[in-house]
Amino acid sequence: MNLSVYIRNLLYDHDCIILPGFGAFISSYKSAAIHPVTHQFNPPSKELSFNSKLIKGDGVLQDYIARYENISYQQASELIEKMIADLKTEVNTSGISKLEGIGTLSLSPENKIRFQEDVDQNYLLDSFGLPSFTQKPPLKPKVVLSSPQDQERKIEPPVVRKMKSGWLWAAAICLIIFASFINLMIFDQYLPKLALQQAGISSFFSSFDKDKGSISVGDMIKSEEKTVFEPTFIPADAKESMETIMPEQIAEVIESTMEEASATEDVVNKTVSTPEPQIDSEIPFGYYTIMGSFKFKENADKLFDKLKAGNAQVYMLPEKNNFHRVAIFSGNTKSNAISVLSEKRSIQKDAWLLNYHSLGQ
6 MNLSVYIRNL LYDHDCIILP GFGAFISSYK SAAIHPVTHQ FNPPSKELSF NSKLIKGDGV
66 LQDYIARYEN ISYQQASELI EKMIADLKTE VNTSGISKLE GIGTLSLSPE NKIRFQEDVD
126 QNYLLDSFGL PSFTQKPPLK PKVVLSSPQD QERKIEPPVV RKMKSGWLWA AAICLIIFAS
186 FINLMIFDQY LPKLALQQAG ISSFFSSFDK DKGSISVGDM IKSEEKTVFE PTFIPADAKE
246 SMETIMPEQI AEVIESTMEE ASATEDVVNK TVSTPEPQID SEIPFGYYTI MGSFKFKENA
306 DKLFDKLKAG NAQVYMLPEK NNFHRVAIFS GNTKSNAISV LSEKRSIQKD AWLLNYHSLG
366 Q
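For the sequence shown, the working numbering begins at 6 and goes up steadily by one.
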């Protein structure tokens, strides 16, 4: 394994990484800045430096390699000694050694180790997703002084063309025809109702007594018999049959109505009692590398099947803000999760880290 990989993974969580017998890489916070000439904006980051006087190991690198490679602490120490010896040999023979993603080590004329950091790499987690960009300031408009001759020129008023009156007359005629057509339709619709109302009013007023100016009760009954309906009389034997039949019919109607109501209630209960899909509660808590977040579940299923085919420990996290998140379990420690994130970015550069500790994540 390359030594630079271990150092890169530790720089996200540690400010000092000591290489026993060689030196230490130290990171310090660097504020956001704008270049005065190129107008390039750089987000906050960690500025790296190298101190060749810190050579006594603190066990951070050994412990990380032992856990990462699943070996003993002693084996990790021996592996570190071998990698540092190879690094010293490369610097002494070729005069330069490049640590990918960290920087370049070289020898000065005084035979001292110099370090030049890789400015394209940002190890500050708070600046994740903030790239560098260039934005030039807007140019000020040039002020053009006009000559006296230009000022004396007369400003001609704009020519306003009048709409021909023929178009106005045509529009007015069309509007009148349309309004007449609407009125005719309304009149035809309510004409039969108006005739019935007039017939009822005339029959009502015809029952007035012309001499006394009062309404005759007999005339009102006659007019009602003529204009409304004739009463239907039920014979006595029919009444008896109705009295015997109607209770049974009413009971049958009530019974059928109750059966329909109970059937409708059963359908409603079945519909309401249909269980809603539950969120998978078997997802372990810990750190997850989010490989993709999709609005449509079909796209999330495609990525899930693709990662599952590669024998990865893939999970479909609970839906949040209508997004379906496909994630790979990255362990329970932040350092291990960052190393997994660094590996997965080689195949998905937009992957990011999530600390999943509750169903609300």
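All residues carry an ideal CB built from backbone N, CA and C; glycine is no exception.
List the whole-angstrom C-beta distance separating residue i from residue j, where the pair is believed to meet the contact cut-off of C-beta under 8 Å.
i       : j       : result
Gly-28  : Ile-60  : 6 Å
Ile-101 : Ser-111 : 4 Å
Gly-297 : Tyr-361 : Going by Cβ atoms, the distance from Gly-297 to Tyr-361 rounds to 16 Å, so no, they are not a contact pair.
Gly-26  : Ile-89  : 6 Å
Asp-18  : Lys-339 : 6 Å
Ala-332 : Leu-322 : 5 Å
Ser-351 : Tyr-73  : Not really, about 17 Å apart at Cβ, beyond 8 Å.
Just reading off the beta strand (DSSP E) that residue i is part of, what are its end residues?
i       : result
Lys-302 : From DSSP, Lys-302 is part of no beta strand (DSSP E) but of the alpha helix (DSSP H) over 302-314.
Tyr-34  : 28-35
Val-47  : Here residue 47 turns out to be Asn, not Val, going by the sequence shown. Asn-47 -> beta strand (DSSP E) spans 45-47.
Leu-112 : 108-112
Leu-53  : 50-56
Can you check which of these residues, the options, is closest to residue i by C-alpha distance?
i       : options                              : result
Leu-359 : Ser-351, Ile-352 and Gly-336         : Gly-336
Phe-138 : Asp-63, Pro-146 and Ala-38           : Ala-38
Ser-54  : Phe-120, Lys-325, Lys-93 and Ser-82  : Phe-120
Lys-349 : Tyr-293, Pro-136 and Thr-98          : Tyr-293
Asp-63  : Ser-82, Glu-324, Pro-146 and Gln-318 : Ser-82
Tyr-34  : Asn-127, Phe-186 and Pro-146         : Asn-127
Leu-104 : Thr-98, Glu-115, Asp-123 and Thr-94  : Asp-123
Gly-106 : Asn-56, Ile-85, Asn-14 and Glu-86    : Asn-14
Lys-93  : Asn-116, Arg-330, Tyr-78 and Gln-353 : Asn-116
Pro-142 : Leu-173, Glu-74 and Val-42           : Val-42
Lys-354 : Gly-134, Phe-299 and Phe-301         : Gly-134
Asp-91  : Asn-7, Pro-136 and Ser-77            : Asn-7
Ser-370 : Tyr-78, Ser-132 and Pro-146          : There is no way to answer for residue 370, as the model of the chain reaches only from 6 to 366.
So, are the CB atoms of residue i and residue j less than 8 Å apart?
i       : j       : result
Leu-16  : Lys-51  : yes
Ile-295 : Ala-342 : no
Pro-289 : Phe-334 : yes
Ile-23  : Ile-12  : no
Ile-31  : Asn-56  : yes
Where do the ends of the alpha helix (DSSP H) carrying residue i lie?
i       : result
Ala-81  : 78-99
Ile-23  : Here Ile-23 belongs to no alpha helix (DSSP H); instead the beta strand (DSSP E) covers 21-24.
Leu-16  : 8-16
Leu-66  : 65-74
Ile-368 : Not covered by the structure: residue 368. The range shown for the chain is 6 to 366.
Within 7 Å: the Cβ of residue i and any heavy atom of the ligand SAM?
i       : result
Leu-322 : With respect to the ligand SAM, the structure shown offers nothing to examine, as it has no ligands at all.
Cβ contact (3+ pairs, closer than 8 Å) linking the region 37-46 and the region 54-73: The answer is no - the region 54-73 does not touch the region 37-46, with fewer than three Cβ pairs under 8 Å.
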